[in-house]
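> In my numbering, the protein residues as written are 19 to 309. The structure that follows is given in the form of structure tokens.
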């Protein structure tokens, strides 16, 4: 496998992209989970699907757009969807959760329309839906690298504000933190990560990489920073294991990545339960000995 990575450029692109996504998706996903916005990645991925399908349709019918990378329109539509979600959350302040299904259903509807106009699913579209090891080009890798730089800069520069806003919005406002501007940028960066991740994980499964490693990390972490560290570790293990399995078994990488991340979650839950049982037994033995 190691020798194959050095021999084939598409494997270099896939593994480099996977390592990057395994870092930024769980790191940002922790803030998403804490803010109870776990479904937003699903909504934005379906909006990205509309952009991808629209780009493939345009490339079939407009000669000048034939060489356009569908990832770009997917990113654009995902960012537009994130801004619409933020706007709808402002409109429906008492029912903010309405914004997500509205945008998600709109993305699915537009995607279905463009897919039908493009005369059904193509190989390219299936690759975007479920991820593809061989389809990640050098241009895709550079785009994902740029998204990673933007994401990491955003997290580093706004970490304290994001942390405060996630756990105590009222205190954040009292401290003069501009929650409106920060929310808009948070939504935009989330859209970028979702769109960038879909090349490896796939549109239908990208939200899992942003939430499942976080769910596992929260079971064993003793603090927020530790939870982010564990989430990134679990995310990287899922991506690397999934890409290796996909390469050798000729499977869709998105599916294998998510299955491995769920297996890690189950192992963490099982290990935690086992540790709790052993601790209870020891405490019972100590109590019996004292008697």
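Built from N, CA and C at the ideal position, the CB exists for glycine as well.
Taking the alpha carbon of residue 152 as the reference point, which residue from 271, 226 and 300 has its own alpha carbon closest?
271
> What whole-angstrom Cβ distance do residue 13 and residue 122 have, given they're in contact under 8 Å?
Summary: the structure shown does not reach residue 13, with the chain confined to residues 19 through 309, and so no result is reported for it.
> Taking the CB atoms as reference points, tell me whether residue 43 and residue 253 lie closer together than 8 Å.
yes
> Please determine if the stretch 239–256 and the stretch 277–287 are in contact, where contact requires at least 3 C-beta pairs separated by less than 8 Å.
yes
> Suppose the cutoff is 8 Å on Cβ atoms and the five residues either side in sequence are ignored; what does the same chain contact list for residue 154 look like?
28, 31, 32, 35, 217 and 218
> Compute the Euclidean distance between the alpha carbons of residue 170 and residue 97, then round it to the nearest angstrom.
Their Cα atoms are separated by approximately 17 Å.
> Here's the rule I'm using: 16 or more other beta-carbon atoms within 10 Å means buried, otherwise exposed. How should residue 75 be labelled?
The residue in question, residue 75, is buried, as its Cβ has 16 or more Cβ neighbours within 10 Å.
> Using 8 Å as the Cβ pair cut-off and three pairs as the minimum, do the stretch 171–180 and the stretch 75–93 touch?
no
> Work out the CA separation of residue 223 and residue 147 for me, nearest whole Å.
One C-alpha to the other measures close to 8 Å.
> Among residues of its own chain, excluding the 5 on either side of residue 92, which ones have a beta-carbon nearer than 6 Å to its beta-carbon?
66, 69, 70 and 213
> Just to check my reading of the structure: residue 256 and residue 284 have Cβ atoms closer than 8 Å, yes? What is that Cβ distance to the nearest angstrom?
Residue 256 to residue 284, Cβ: 13 Å. No contact.
> Just checking my contact of residue 45 with residue 202 at CB under 8 Å: how many whole Å lie between their CB atoms?
With 8 Å as the limit, residue 45 and residue 202 do not qualify as a contact, their Cβ atoms being about 19 Å apart.
> Are the beta-carbon atoms belonging to residue 58 and residue 274 less than 8 Å from one another?
no
> With burial defined as no fewer than 16 other Cβ atoms inside 10 Å of the residue's Cβ, what is the status of residue 159: buried or exposed?
buried
> Compare the Cα-Cα distances from residue 132 to each of 157, 64 and 100 and report the closest residue.
For the residues 157, 64 and 100, the minimum Cα distance to residue 132 belongs to 64.
> Assuming contact is defined by CB atoms lying nearer than 8 Å, are residue 101 and residue 120 in contact in what I supplied?
no
> Check residue 54 in the structure and name its three-state DSSP category.
coil
> Just to check my reading of the structure: residue 53 and residue 184 have Cβ atoms closer than 8 Å, yes? What is that Cβ distance to the nearest angstrom?
Right, the Cβ-Cβ distance comes to about 5 Å (below 8 Å), so this counts as a contact.
> Using the beta-carbon count (16 or more within 10 Å), is residue 229 buried or exposed?
With 16 or more Cβ atoms within 10 Å of its Cβ, residue 229 is classed as buried.
> From which residue to which residue does the alpha helix (DSSP H) around residue 177 run?
156–185
> Please report the straight-line C-alpha distance between residue 267 and residue 258, rounded to a whole angstrom.
Approximately 14 Å, taken between the alpha carbons.
> Go ahead and label residue 235 buried or exposed: buried means 16 or more other beta carbons lie within 10 angstroms of its beta carbon, across all protein chains shown.
buried
> The alpha helix (DSSP H) with residue 116 in it runs from where to where?
Per DSSP, residue 116 belongs to no alpha helix (DSSP H) and is neither H nor E.
> Which residues mark the beginning and the end of the alpha helix (DSSP H) in which residue 222 is found?
It is not in any alpha helix (DSSP H) - residue 222 carries neither H nor E in the DSSP assignment.
> Since residue 96 is in the alpha helix (DSSP H), which residue starts that stretch and which ends it?
Residues 88–109.
> Would you kindly work out how many angstroms separate the C-alpha atoms of residue 299 and residue 290, rounded to a whole number?
14 Å
> Can you have a look at residue 225 and say buried or exposed, based on whether 16 or more other CB atoms are within 10 angstroms of its CB?
buried
> Classify residue 239 as helix, strand or coil using the three-state DSSP reduction.
coil
> For the alpha helix (DSSP H) that residue 198 lies in, which residues bound it at each end?
197–215
> Could you tell me the distance, in whole angstroms, from the CA atom of residue 112 to the CA atom of residue 80?
44 Å
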